[in-house]
Amino acid sequence: MMSATVSLAATHLVPLAADDLDKNKVTPGVLGFIVFALLGAAVWVLMKSMNKHMKKVAFDEIPEGAVAMAATATPATAPAATARGAKADGKDATEG
Numbered sequence: 031m032m033s034a035t036v037s038l039a040a041t042h043l044v045p046l047a048a049d050d051l052d053k054n055k056v057t058p059g060v061l062g063f064i065v066f067a068l069l070g071a072a073v074w075v076l077m078k079s080m081n082k083h084m085k086k087v088a089f090d091e092i093p094e095g096a097v098a099m100a101a102t103a104t105p106a107t108a109p110a111a112t113a114r115g116a117k118a119d120g121k122d123a124t125e126g
């Protein structure tokens with residue numbers, strides 16, 4: 031329930047707005063523009079940030095021959111494998 035004071039304040043703050051407002055022609059106004067501008071600025075900042083991070087990514091592909099060579103462990107790489115937790119015979123340290 032609205033009190034008389036609230037009703038009186040509402041009519042003084044919005045004088046004759048109900049009579050002049052065309053309900054078929056409502057625009058977003060200043061608040062809509064501010065929200066749209068903030069969304070645009072946020073997208074621009076995110077795009078700049080993404081661009082900066084994408085420049086740090088190396089897109090060089092490894093040739094298939096290099097992958098096959100890396101899969102076959104040489105004796106020089108065996109100590110590095112044991113340091114990571116794998117046994118020298120190629121089995122995982124958790125397999126027992």
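Numbering-wise (my numbering), the sequence shown opens with residue 31 and increments by one. Quick reminder that beta carbons are idealized off the backbone N, C-alpha and C, glycines included. Since the structure is predicted, the reported quantities are computational estimates derived from the model, not experimental observations.
Taking Val73 as part of the alpha helix (DSSP H), name the residues at either end of that continuous run.
59 to 85
When the Cα atoms are used, what is the spatial distance from Gly62 to Ser33?
31 Å
Below 8 Å CB to CB, which residues in the same chain sit around Met84 once its five sequence neighbours on both sides are set aside?
none
Separation of Ala72 from Val56, as counted between CA atoms:
26 Å
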